[in-house]
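Q: Please see the structure below; I have some questions.
In the working numbering, the protein residues as written are 15 to 537.
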């Protein structure tokens, strides 16, 4: 288990003064056991990888314990749910789910042990060797040339690496120009934090626009930034995302960032520092433009920032953004609501998959749709959105109720954001075994006849008996599962992008895989 997550959970439980002492002991033992198992020598690479979106998982599952201290039985039950659910996207060893697809023509599994030795002796034409000590958050195809951009963290600061179409190293840069990121807020939190690179997109001039993520996610460490580089990776300008709610610093966590056709920059994510009572929700979208000063230097200017979601819960989040054909902005994420019998605290909340269409001129909402698959479903969440000929597809996950596991989901929406169909995976509980699934990203197939979804699965019986694997699903344009494949790799797939020869590239953490159109990984 990632030690930062352990500290995060321990800190928030420690602060709840009304917490049942017996429960605290149970939690401590369970979390300690998880830490000991997950931090074994075989998992050193996993421990060094970034939290990425795992903080969202923490938010979704941590707080039923703290909110129900008057009911010991429910609290203990929810504690087990915390352990079962919270560890999933954090470490590659403990992801989500099983590995079958509803309505498909059969599943499959494959054992792959990729290596990165600087040479490419296998049949795959793609291989990336990361710079030592670097952790990857995002991997995207360049828009101007045929290569790829990676963004993440090295030495606790933002880092990028650029590779060509076959994964060959072109350039890398680390950026230590943002301050110290130290905090003495509480002894339960680390003294020294970090600023991670969390989102990247190539710009029309061949440079890159980069978003960041403060870790741990607490306002006492400092602000997040957006910065622009030239094509050599040198910073042209950087902009702190500053906002105050009373005396409290509000920090912005960037989940995705793009350049629009007009040359502006748009970022989405979520905020922390206030509960959104003075502003609408914690999900945010901002638009920036670039100005040339009289000195000839460039500067980033924030044109507008808008907040989205409810003022009831803490972690409304926008996860993904794209520019529509009409140049309006499309974003997806989660609109949070309190679950039945629970209050909202640090992201444990029910809610809906959130679809937004935003006017780029002023950030005003043109369309806002909230979806779940049935009325009483606990929550649904969108992680990835793509354009279709007649609307949009969204990939994410759902949870039906308190006693159900997280399950994979894909939705088809029309151009107005109304649901056309939904597909769900086969996550379930059988006896004491939790079999969970999550979709992290989607793309349209090369022939445009299906949607490919990637994510991870997790088989969980107890702390010492769990298994997690990368998974890919194929879904036709009517919402029927075609196939699903589970790969015997202790890894999640966080990104999928189309590659040459009708192949696809998958990435998860520090590993990269080439896949053919039938879901077979290329050795």
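Where a beta carbon is used, it is the ideal one built from N, C-alpha and C, also for glycine.
Count the other CB atoms within 10 Å of the CB of residue 246; is the residue buried (16 or more) or exposed (fewer)?
A: By the neighbour-count rule (16 or more Cβ atoms within 10 Å), residue 246 is not buried but exposed.
Q: Alpha carbon to alpha carbon, how far is residue 399 from residue 244? Give it in angstroms, no decimals.
A: Cα to Cα, residue 244 sits roughly 28 Å from residue 399.
Q: With respect to the beta strand (DSSP E) encompassing residue 148, which residues constitute its N-terminal and C-terminal limits?
A: Segment: none, residue 148 is in no beta strand (DSSP E) and carries neither H nor E.
Q: Is it true that the CB of residue 155 sits closer than 8 Å to the CB of residue 511?
A: Contact: yes.
Q: Can you give, in chain order, each stretch of the beta strand (DSSP E) that sits fully within the region 496-527 and has at least 3 residues?
A: Here the runs fully enclosed are 509-512, 518-522.
Q: Quick one: Cα of residue 449 to Cα of residue 441, how far?
A: Whole-angstrom Cα-Cα distance: 5 Å.
Q: DSSP three-state label for residue 235, please.
A: The answer is helix: DSSP assigns residue 235 an H, G or I state.
Q: Buried or exposed: where does residue 457 fall if 16 or more other Cβ atoms within 10 Å of its Cβ makes it buried?
A: Buried, by the Cβ-count rule.
Q: Once DSSP output is grouped into helix, strand and coil, what is the label at residue 529?
A: In this structure, residue 529 counts as strand in the three-state DSSP scheme.
Q: Indicate the three-state DSSP secondary structure (helix, strand or coil) for residue 386 in the structure shown.
A: Reduced to three states, the DSSP call for residue 386 is coil.
Q: Counting along the chain, where does the beta strand (DSSP E) carrying residue 163 start and finish?
A: That run of the beta strand (DSSP E) goes 162-168.
Q: Going by other Cβ atoms of all chains shown within 10 Å of its Cβ, with 16 needed for buried, is residue 205 buried or exposed?
A: With fewer than 16 other Cβ atoms within 10 Å, it is exposed.
Q: If you draw a straight line from the C-alpha of residue 143 to the C-alpha of residue 183, how long is it?
A: Rounded to whole angstroms, residue 143 to residue 183 spans 8 Å at the Cα level.
Q: So, residue 453 versus residue 406, is the Cβ gap smaller than 8 Å?
A: Cβ atoms of residue 453 and residue 406: not closer than 8 Å.
Q: With a floor of 3 residues, list each beta strand (DSSP E) that falls wholly inside the region 274-361, ordered by position along the chain.
A: The qualifying runs are 279-286, 297-306, 312-322, 331-337, 343-351.
Q: Quick check: what's the CA-CA separation for residue 419 versus residue 150?
A: In a straight line, the C-alpha of residue 419 is about 28 Å away from that of residue 150.
Q: With 16 other CB atoms within 10 Å as the buried threshold, where does residue 308 fall?
A: Classification of residue 308: exposed, given that the 10 Å Cβ count is below 16.
Q: With distances taken from CA atoms, which of 408, 230, 353 is nearest residue 345?
A: The option with the nearest alpha carbon to residue 345 is 408.
Q: Determine the closest residue to residue 493 out of 436, 472, 515, 459, with distance taken between C-alpha atoms.
A: Ranking the options by Cα distance to residue 493, first place goes to 436.
Q: Would you mind reading off the limits of the beta strand (DSSP E) that contains residue 171?
A: Looking at the DSSP string, the run of the beta strand (DSSP E) that includes residue 171 is 171-177.
Q: Put residue 103 into one of helix, strand or coil per three-state DSSP.
A: Model confidence at residue 103 stands at a pLDDT of 35, short of 50, so the residue's coordinates are unreliable and nothing is read from them.
Q: Can you have a look at residue 386 and say buried or exposed, based on whether 16 or more other CB atoms are within 10 angstroms of its CB?
A: Classification of residue 386: buried, given that the 10 Å Cβ count is 16 or more.
Q: Per the contact definition of three or more C-beta pairs closer than 8 Å, is the region 230-239 in contact with the region 189-204?
A: Counting Cβ pairs under 8 Å, three or more are found: they touch.
Q: Which of the three DSSP states is assigned to residue 266 in this structure?
A: Here residue 266 sits in strand by DSSP.
Q: Any idea if residue 438 is buried or exposed, counting beta-carbon neighbours within 10 angstroms, 16 or more meaning buried?
A: Residue 438 should be labelled buried.
Q: Need the endpoints of the beta strand (DSSP E) that residue 480 sits in, please.
A: Unbroken beta strand (DSSP E) run through residue 480: 479-490.
Q: Can the beta-carbon of residue 331 be found less than 8 Å from the beta-carbon of residue 297?
A: Cβ atoms of residue 331 and residue 297: closer than 8 Å.
Q: For the candidate residues 496, 381, 369, 508, whose alpha-carbon lies nearest to that of residue 532?
A: When each option's Cα is compared against that of residue 532, the closest is 496.
Q: Can you check whether the CB of residue 316 is closer than 8 Å to the CB of residue 342?
A: No, the pair does not count as a contact, with Cβ atoms beyond the cut-off.
Q: Taking C-alpha atoms, which residue in 220, 228, 369 lies nearest to residue 250?
A: Comparing Cα-Cα distances from residue 250 to each of 220, 228, 369, the minimum goes to 220.
Q: Would you kindly work out how many angstroms separate the C-alpha atoms of residue 258 and residue 207, rounded to a whole number?
A: Cα to Cα, residue 258 sits roughly 20 Å from residue 207.
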